[in-house]
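Heads up: the structure comes next, in structure tokens.
2 protein chains.
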Amino acid sequence: MGTTQLESVQEPKYWHLKTVLNDALDSEFEVGEILPNERDLAARFGVARATLRQALEQLELEGRLQRRRGVGTTVAPPRIGVAVGPSAGQWPGAGPDAWRTVGCVEAAAPAPLAALLGTGPEETVHTIRRERTVQGQQVATELLYVPQSSVPGLSPMLTPAAHAPAVLRALHALRLEGEDRSVELGSARAEDARQLDRLPGAPVLVVTTRYVAEGRVAAASVATYRADTCRLTFGDSGAMEVTHHASDEDRQAS
Amino acid sequence: MGTTQLESVQEPKYWHLKTVLNDALDSEFEVGEILPNERDLAARFGVARATLRQALEQLELEGRLQRRRGVGTTVAPPRIGVAVGPSAGQWPGAGPDAWRTVGCVEAAAPAPLAALLGTGPEETVHTIRRERTVQGQQVATELLYVPQSSVPGLSPMLTPAAHAPAVLRALHALRLEGEDRSVELGSARAEDARQLDRLPGAPVLVVTTRYVAEGRVAAASVATYRADTCRLTFGDSGAMEVTHHASDEDRQAS
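Going line by line, the protein sequences match chains A and B. For reference, each letter of the first sequence is one residue, going 0 to 253 in numbering that gives the first Met the number 0. For reference, each letter of the second sequence is one residue, going 0 to 253 in numbering that gives the first Met the number 0.
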């Protein structure tokens, strides 16, 4: 890079290529269609491979293209609108939702979670892994952290299969006083990437939720959503039946 | 790439390097410190420049590193928690908020927005650009689209300076019946990038909000947040005064 002209800083070459490619996708390609290989594309648009690759990466960030293992680069379907979290005022797993419990372990929470939960470094935490499937696609994987002090009195003799249900039942017995969420960009950790069928490091949307009961944080979850296929939705349910999201889902489903 | 061993697909080389680098950041560097150049770092960790660059990109996605024009790569401060949208049930610009109006034009809305608003392709829409600053940093830029049919009866003789305030006043006179939001990953468009002091194509979080009044979408906004410096927060305000966000902001402010 080194010295770059001011203009090219503001509008790098791949940026222009990206808009040209975007138009070509609209006019010449169908959803799911596999793009020609990089060599051919670079030749067609008269650019270097590196420039082409940057433009493709941009289009992937924007959800226009999808890179799939063993398939190549395809034109992405519209992102799926995925409602985040259970309904307001509802514990995770308390009602019918799109999450499935995969397992439960007891372990010390990672440092940032321990800070969120106010647990000591020694304190073990029930850690429930869940996954979420929408329209047959796995869109998210989640770790739900429940300190033992939030659900005291669990039998120490629980079988692995009974562990997560027992923790959730005990949690649901508490009165949920409030919850809040944050959303930020992250990169998929190895284990999450495996579950989401992505490469480690793929961009993901990380949703951190804190659940408050009895005046303190009784549980917290970190959910990792595929950023390529998901659009996270938040809203007052009620009057707001979200027509454009619904229509996206229709398009997806059809 | 071509043939890759299964193991290296699951744990690419840059992935391991990333975790090593992450630990080095914790133990050897302060927030704001400039990293050694790529050549030196690659030599120190015994990896190729390309591998190093991938690992640095990961750490940038995760908010650990920041690339700044004319400065280089620095250790990022913790992300700022930024509450998304005005309070529930409040029109944009209706109360004291962190947004500042930059200007207003009348133009046909881009196709996806026209679909959201239910406006025809010919119909012009008041388009108000706003920007948001938190702790002296510009974190977001927004376009708020208000169809003329939502705010009929505006004087056609408005001066440019009076245009946005008049549109907002007329909007605030309507009863807001509901709103919903979606968050997705995007890449900064040229104009947004300029306003956010980023390169075009930098990853951003795109928040789309629909405002419903009189049974239809009366306005919609598309806000573009810097993904490197922001964590978007959503929550019941009330009981949920968010201690970890607050402490982040303290650290930021100090």
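We put the beta carbon where it would ideally sit given N, CA and C, even for glycine.
Give the interface partners of residue i over in chain A, defined as CB-CB distance under 8 Å, in chain order.
i, result
"T228 (chain B)", "By Cβ distance, chain A contributes nothing, its closest Cβ being about 10 Å from T228 (chain B), past 8 Å."
"W14 (chain B)", "A189, P199, G200"
Buried or exposed: residue i, going by 16 or more other Cβ atoms within 10 Å of its Cβ?
i, result
"E178 (chain B)", "buried"
"P146 (chain A)", "buried"
"A201 (chain B)", "buried"
"I79 (chain B)", "buried"
"P91 (chain A)", "buried"
"E105 (chain A)", "exposed"
"E183 (chain A)", "buried"
"S26 (chain A)", "exposed"
"T123 (chain A)", "exposed"
"R230 (chain A)", "buried"
"G234 (chain A)", "buried"
"V203 (chain B)", "buried"
"V30 (chain A)", "exposed"
"A187 (chain B)", "buried"
"A113 (chain A)", "buried"
Can you list, in chain order, the residues of its chain with a C-beta nearer than 7 Å to that of residue i? Leave out the 5 residues immediately preceding and following it.
i, result
"A212 (chain B)", "L173, R174, L175, E176"
"R66 (chain A)", "E59, T72"
"G135 (chain B)", "none"
"G117 (chain B)", "R215, V216"
"A169 (chain B)", "V150, L153"
"G88 (chain B)", "L175"
"A189 (chain A)", "P199"
"A218 (chain A)", "L143, Y144, V145, S149, L170, Y210"
"L24 (chain A)", "R63, V74"
"V101 (chain A)", "R128, R129, E130"
Since I believe residue j is in contact with residue i (beta carbons under 8 Å), could you give me their beta-carbon distance rounded to a whole number of angstroms?
i, j, result
"T223 (chain A)", "G185 (chain A)", "7 Å"
"D227 (chain A)", "G62 (chain A)", "6 Å"
"A97 (chain A)", "R68 (chain A)", "So it is not a contact: roughly 24 Å between Cβ atoms."
"P199 (chain A)", "W14 (chain B)", "5 Å"
"R197 (chain B)", "R225 (chain B)", "7 Å"
"A261 (chain A)", "T232 (chain A)", "As displayed, chain A neither begins before 0 nor continues past 253, which places residue 261 (chain A) out of reach and without an answer."
So residue i contacts chain B; which residues on that side make the cut at Cβ distance below 7 Å?
i, result
"V30 (chain A)", "Those within 7 Å of V30 (chain A) in chain B number zero; the least Cβ separation is about 16 Å."
"R78 (chain A)", "E183"
State the DSSP-derived secondary structure class of residue i, mapped to helix, strand or coil.
i, result
"F44 (chain A)", "helix"
"W14 (chain B)", "helix"
"P146 (chain B)", "strand"
"A218 (chain B)", "strand"
"V19 (chain B)", "helix"
"R131 (chain B)", "strand"
"A93 (chain A)", "coil"
"E183 (chain B)", "strand"
"T126 (chain A)", "strand"
"V166 (chain B)", "helix"
"R63 (chain A)", "coil"
"P76 (chain B)", "coil"
"T208 (chain A)", "strand"
"P35 (chain B)", "coil"
"T232 (chain A)", "strand"
"A139 (chain B)", "strand"
"T118 (chain B)", "coil"
"A82 (chain B)", "strand"
"P202 (chain A)", "strand"
"L175 (chain B)", "strand"
"A106 (chain B)", "strand"
"T100 (chain B)", "strand"
For residue i, which residues of its own chain have a beta-carbon under 6 Å away from its beta-carbon, when the five flanking residues on both sides are left out?
i, result
"S220 (chain B)", "E141, L143, T208"
"T33 (chain B)", "Per the sequence presented here, residue 33 (chain B) reads as Ile, with Thr not at that position. The answer, listed in chain order, is G71, T73."
"A41 (chain A)", "R48, L51"
"V46 (chain A)", "L16"
"R99 (chain B)", "E130"
Listing by chain order, which chain B residues have their CB less than 8 Å from the CB of residue i?
i, result
"L112 (chain A)", "Chain B residues near L112 (chain A): none, gap ~10 Å exceeds 8 Å."
Under 9 Å Cβ-Cβ, which residues of chain B neighbour residue i?
i, result
"E105 (chain A)", "Those do not exist, as E105 (chain A) stays about 23 Å from chain B at its closest Cβ, beyond 9 Å."
"T232 (chain A)", "D179, R180, S181, V182"
"G62 (chain A)", "E183, L184, G185"
"L204 (chain A)", "V182, E183, L184, L204"
"P11 (chain A)", "L198, P199, G200"
"Q57 (chain A)", "S186, P199, G200"
Quick one: does residue i have its CB under 7 Å from some CB of chain E?
i, result
"E27 (chain B)", "No chain E appears in the structure shown, which is made up of the protein chains A and B."
Keeping to the same chain, check which residues put their C-beta closer than 8 Å to that of residue i; ignore five residues upstream and five downstream.
i, result
"C103 (chain A)", "H125, T126, I127, R128, P159, H162, A163, V166"
"V19 (chain B)", "F44"
"E37 (chain A)", "R48, L51, R52, L55"
"Q57 (chain B)", "Y13, W14, K17"
"F28 (chain A)", "L34, V74"
"P95 (chain A)", "none"
"E121 (chain B)", "A107"
"D22 (chain A)", "none"
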